[in-house]
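Report on the structure given below.
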Amino acid sequence: MCCSDPSPPFRLEPGGDRWLRPGLRKYFCQLTIDTNTVNKNLQLSDNNRKVILVKEGQLYPDHPDRFDHSHYLLCSNVLTGRSYWEVEWNIAVDIAVCYRRINRKAGKWDKDCWFGGNDHSWGLICESNKGYSVRHKDRQILICPVSYSAHSHRAAVFVDYPAGTLSFYKVSSDKLIHLHTFRTTFTESLYAGFSVWSNRTGGFVSLCSL
């Protein structure tokens, strides 16, 4: 469970240091990478806070939860209530939210295992040479061109599960710039996911601390 707000009458007022943070950052959730899901071409570093795309497969044990053919991973946190997180990235990545049942074993061109390629995942695509776009149900929408994204490689996500909203932001000079909001009714537990993809190795995504 991550960043949930207990319902009245159990707690009428929020408490704790995190509630002193401004805006959406009060809902910050410290994500934990589920190492059993990490594709073998993603190398873990920084105490499992960062993954880097590498050419040589890592010696991770086989696991039914591991993404076999795509450079994907999930986090272990169950996202309920309101949750917020930030990541740093380079080259080309997907920043996603999905249901646990996303396919891990399908071929890399099977859209059932793509973030945003189906009805059980939503993704923000970040590309250094193209900009930002979002994808859901295999419908991809360009949000802003490269000129808009060139000066920031930090992005943020805010999920409001009860309200059925998922919002993506660009983080620039510590300010949030809204990119897109999906509105839906979530019917299953949500998990954060990431992919690192490129024709070049060295691309990465890194979980930020606040």
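Numbering of the sequence shown is given in numbering that gives the first Met the number 0, commencing with residue 0 and proceeding in unit increments. Backbone N, C-alpha and C fix where the C-beta goes; we use that ideal spot for every residue, glycine too. Because the structure is a prediction, the values reported are computed rather than measured.
What is the DSSP secondary structure of residue i, reduced to helix, strand or coil?
i, result
"residue 159", "strand"
"residue 5", "The predicted position of residue 5 is uncertain, since its pLDDT is 38 and thus under 50; no value can be drawn from it."
"residue 208", "coil"
"residue 12", "Unreliable positioning characterises residue 12 in this predicted model, as indicated by a pLDDT of 41, which lies under 50. The coordinate reading is nonetheless provided below. Coil."
"residue 58", "coil"
"residue 198", "coil"
"residue 174", "strand"
"residue 24", "helix"
Relative to the C-alpha of residue i, which candidate in the options has its C-alpha closest?
i, options, result
"residue 176", "162, 168, 183", "168"
"residue 51", "87, 31, 24", "87"
"residue 133", "151, 127, 114", "114"
Mind checking whether the beta-carbon of residue i lies closer than 8 Å to any heavy atom of the ligand FMN?
i, result
"residue 171", "As far as ligands go, the structure on display features none, and thus does not contain the ligand FMN."
Where do the ends of the beta strand (DSSP E) carrying residue i lie?
i, result
"residue 164", "164 to 171"
"residue 133", "130 to 135"
"residue 32", "Here residue 32 belongs to no beta strand (DSSP E), and DSSP marks it neither H nor E."
"residue 120", "120 to 126"
"residue 74", "Per DSSP, residue 74 belongs to no beta strand (DSSP E) and is neither H nor E."
"residue 81", "81 to 88"
In the DSSP output, what is residue i paired with across the bridge?
i, result
"residue 211", "With the chain covering only 0 through 209, there is no way to say anything about residue 211."
"residue 187", "Beta-bridge pairing links residue 187 to no other residue."
"residue 142", "Paired residues: none, contrary to the question."
- Inter-stretch contact at 8 Å, needing at least 3 Cβ pairs: the segment 119 to 126 / the segment 36 to 52: no
- the segment 172 to 191 touching the segment 58 to 66, judged by at least three CB pairs closer than 8 Å: no
- Touching by the beta-carbon criterion (3+ pairs, under 8 Å), the segment 159 to 167 and the segment 70 to 83: yes
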